[in-house]
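To convert, note that position 124 of the first sequence is 113 in our numbering; the numbers rise steadily by one, no gaps.
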Amino acid sequence: MNLFQHFQAEVIRQIEAMAAEGALPGGLDTSRVGVEPPREASHGDVTTNAAMVLAKPAGMKPRDIAETLADRLLALDDVTAAEVAGPGFINLRLADGFWHARLMEILAAGRAYGDSDFGAGTGKVNVEYVSANPTGPLHVAHARGAVVGDVLARLLKKAGYDVTTEYYINDAGAQVEVLATSAYLRYCQALGEDIGEIPDGMYPGEYLIPVGKAIADADGDKWRHVDEDTWLPHFREFTVREMMAQVREDLAALGVEQDVFTSEKELVAAGAVDGVYKTLSERDLIYTGVLEPPKGKPPPDDWEPRPQALFRATQFGDDVDRPLKKSDGSWTYFANDIANHLDKYKRGFTQMIDIFGADHGGYVKRMKAAVTAVSEGKAELDIKLCQMVHLMKDGEPMRMSKRAGNFVTLRDLIDEVGKDVVRFLMLTRKSDSQMEFDLVKAVEQSRENPVFYVQYAHARCRSVLRSAAEEISGLDTSAEALAGADLSLLTDPAELDLIKVMAAWPRTVDQAAEAHEPHRIAFYLNDLVSGFHALWNKGNDDTGLRFLQADNADVTRARMAMVQATATVIASGLDVLGVVPVEELR
RNA sequence: GGCCCCGUAGCUCAGUUGGAUAGAGCACAGGAUUCCUAAUCCUGGGGUCGCAGGUUCAAAUCCUGCCGGGGUCACCA
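Following this line, the structure appears as structure tokens:
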């Protein structure tokens, strides 16, 4: 239960009742009435701005509305206080029993706690991420986008959205030709020829050596004595297939498995781009024009003003119209990507989310413009830009040179710190902020390391539950048994505070999903867990607060219910992050 | 030069889509362990929310203009 949503509905019901009694004008717009946690915990459990939002349209003073509304809210079940404060806030305090009921809810729901129907019925959502060139293994720069996309998708699913995850394979460009040629060199090498240095512009990576060898093993020297036109298609297809297999393997190692892989090449071959061109032309959204060279900076050496087919992106908010064809007559990447997004629209997706690297920032407006155009405004595209990740080692920046071939692959990173650490830490910043990723700090076991901090709390919960089962005979610590505990024994403010954080989980899920901000889950977990560690340590000063009370089975049972619930909510959050909660730390 | 992102405590960052007296961690100063893992916790100081206007009951948040950092700018993806 999203308790804030629950009380929002109550507040609106009371407003309508007031209108019916003539205490408020009828037909007021309640869409801006919000129910939120107060900024200050001392203000209560939930707060509403209703009186302030309604004051103007109702032609009344906020405090007058607030007084009446507060009286009505006080009469509700579970509300123990309703105070008017500040310019017209109404602060509610809720009964302990309400919080105990939330604990029951958690025990009953298990890790599904926080699942909601928030996004149900809003249409199909497509999340596209990674979408790297199949020209080599994924490297660290892809890690952030992969995690952000994957966790966003999991988050949206938890919030009830109908989600499909997708990888758009950029297998149609010139880079793929270069890749095939590079693989051909390795093929010659595998046949025993001396190929010398890999020429500039080719892919020098060693990962192509096994590809060349595989072809040599399979086909012998049959490609050695034919024209490039003959061998190129085979090498292109074979190598791309190999690279994609590796990409999928690397993603799987990160815990990422996408539902749909769309090939740019196949899209083009199927005539999808021609279709887009035709449709847009018919709607007069394409014309032949000449672009101006960029101002401020000297234009590229080979710049020449030439007429080309332009999409009227400016009609949809872009800064300039964008070219659809290259000088050799083939489609631009953009043209193909329009077809990609139209294809998604045709497959029924009205909400699309693309995860891009920050270097594609300049591409955002045109892609949004294109989606608006091809869907005639019926589909929405949100683009999340992931800023750069700077790899560090114990505080020192790690300089990576792609030319020297010593760039760090995604696989290297996973092997070094583990997939769960990569996944969690990538979400400890909002995606549009740059971040540092320190290989040493990532595996440190200290308060500074949020992954550890959260895992430690979960392990502590499990540890207490194990100890309780051992030390108190006859104590059943299964969730089912604990659901029968007398929770009214949980009365300490510190205990209730922890339960309140747990009860905020469903709202966190809804809000993070709506905002498309998966990092909020990591921050929530940090908050939750710090509440748990704090309560744990209160037992140092006050032994009466320890979870385990050897001489009081009833209290222990109630506290075990709380500990079990804590572990459950942590696990529920880690599930969204795709991180496995640990039973113990070693 | 255009566009996009960022600018919040000494440092690293949150800030619930416009709410009340702006919050954490690190660092600094002090304190807690006969105990379920002290791998943790508690207390304290520390701020012109880059600057200046504007919008309104209310702005770190929205608008405009500057300043600083990063990214990007036909035909690559």
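Where is the CB? At the ideal position from N, CA and C, for every residue including glycine.
Keep in mind the model is a prediction, meaning the values are calculated, not measured.
Legend entry - Beta-bridge pairing of Arg311 - partner residues as DSSP gives them: Arg311 pairs with Phe300.
Inset, instruction - Can you give me the start and stop residues for the alpha helix (DSSP H) that Val0 sits inside? - result: Start and end: Leu(-8) to Ala9.
Legend entry - Beta-carbon proximity of Leu17 to Leu43, cut-off 7 Å: Leu43 sits close to Leu17, with the two beta carbons spaced by under 7 Å.
Legend entry - Rounded straight-line distance, which links the Cα of Cys177 to that of Lys211: CA-to-CA, the gap between Lys211 and Cys177 works out to about 11 Å.
Inset, instruction - Compute the Euclidean distance between the alpha carbons of Ile1 and Asn115, then round it to the nearest angstrom. - result: Here the alpha carbons of Asn115 and Ile1 stand approximately 33 Å from one another.
Legend entry - Best match in Ile461, Asp516, Ala261 and Asp208 for proximity to Tyr334 [C-alpha to C-alpha]: The option with the nearest alpha carbon to Tyr334 is Ala261.
Inset, instruction - Tell whether a beta-carbon distance below 7 Å holds between Lys113 and Phe250. - result: Judged by beta-carbon spacing, Phe250 lies beyond the 7 Å limit of Lys113, meaning their Cβ atoms are not closer than that value.
Legend entry - Alpha-carbon spacing of Ala542 relative to Asp475, whole angstroms: Those two C-alpha atoms are separated by around 11 Å.
Legend entry - Among Arg100, Thr417 and His128, the one whose alpha carbon lies nearest that of Gly346: Comparing Cα-Cα distances from Gly346 to each of Arg100, Thr417 and His128, the minimum goes to His128.
Legend entry - Asp310 versus Met491 - alpha carbon distance: Cα-Cα distance, rounded: 50 Å.
Inset, instruction - Apply the 10 Å Cβ neighbour rule to Ala578 and answer buried if 16 or more other Cβ atoms are within range, or exposed otherwise. - result: The question about residue 578 has no answer, for the chain in this structure spans -10 to 575.
Legend entry - alpha helix (DSSP H) segments (min. 4 residues) lying fully within the region 317 to 351: Complete alpha helix (DSSP H) runs here, min 4: 322 to 335.
Inset, instruction - Just the C-alpha distance for Leu414 and Gly407, rounded to the nearest angstrom, thanks. - result: The straight-line gap from Cα to Cα measures roughly 11 Å.
Inset, instruction - Count the other CB atoms, across all protein chains shown, that sit within 10 Å of the CB of Gly394; report buried if there are 16 or more and exposed otherwise. - result: The predicted model places Gly394 with a pLDDT of 47, which falls under 50 and marks its position as unreliable; any figure quoted below should be read in that light. Classification of Gly394: exposed, given that the 10 Å Cβ count is below 16.
Legend entry - 7 Å Cβ cutoff met for Leu313 and Phe305: No, they are not a contact pair.
Inset, instruction - Just mark Thr545 as buried or exposed, buried being the case when its beta carbon has 16 or more other beta carbons within 10 Å. - result: Counting Cβ neighbours within 10 Å, Thr545 comes out buried, since at least 16 surround it.
Legend entry - Distance CB(Ile254)-CB(Ala161) smaller than 7 Å: Inspection of the sequence shows that residue 254 is occupied by Lys rather than by Ile. Contact flag set, yes.
Legend entry - Whole-number beta carbon distance between Ala55 and Gly77, since they are thought to touch under 8 Å: Contact holds; Cβ gap of about 5 Å.
Legend entry - Residue closest to Ser316, alpha-carbon to alpha-carbon, out of Tyr173, Val279 and Leu517: Taking only the C-alpha atoms, the option nearest Ser316 is Val279.
Inset, instruction - Measure the Cβ-Cβ separation of Ala446 and Val518 and say whether it is below 7 Å. - result: Taking a C-beta distance under 7 Å as the contact criterion, Ala446 and Val518 qualify as a contact pair.
Inset, instruction - Tell me whether Ser561 sits in a helix, a strand or coil according to DSSP, three-state version. - result: It is helical.
Inset, instruction - Helix, strand or coil for Lys147, going by three-state DSSP, please let me know. - result: If DSSP states are grouped into helix, strand and coil, Lys147 belongs with the helices.
Legend entry - Contact under 7 Å by Cβ, Thr466 with Ala457: For Thr466 and Ala457, yes; Cβs fall inside 7 Å.
Legend entry - Beta-ladder partner(s) of Leu81, from DSSP: In the DSSP assignment, Leu81 forms a beta bridge with Val35 and Ala71.
Legend entry - Cα-Cα separation, Trp320 to Gly125: For Trp320 and Gly125, the distance between alpha carbons rounds to 24 Å.
Inset, instruction - Just tell me which of Thr303, Ala298 and Ser364 has its CA closest to the CA of His330. - result: Residue nearest to His330 within the set Thr303, Ala298 and Ser364 is Ser364 (criterion: CA-CA distance).
Inset, instruction - Give the straight-line distance between the Cα atoms of Arg535 and Asn529, rounded to the nearest whole angstrom. - result: Straight-line Cα distance between these residues: approximately 8 Å.
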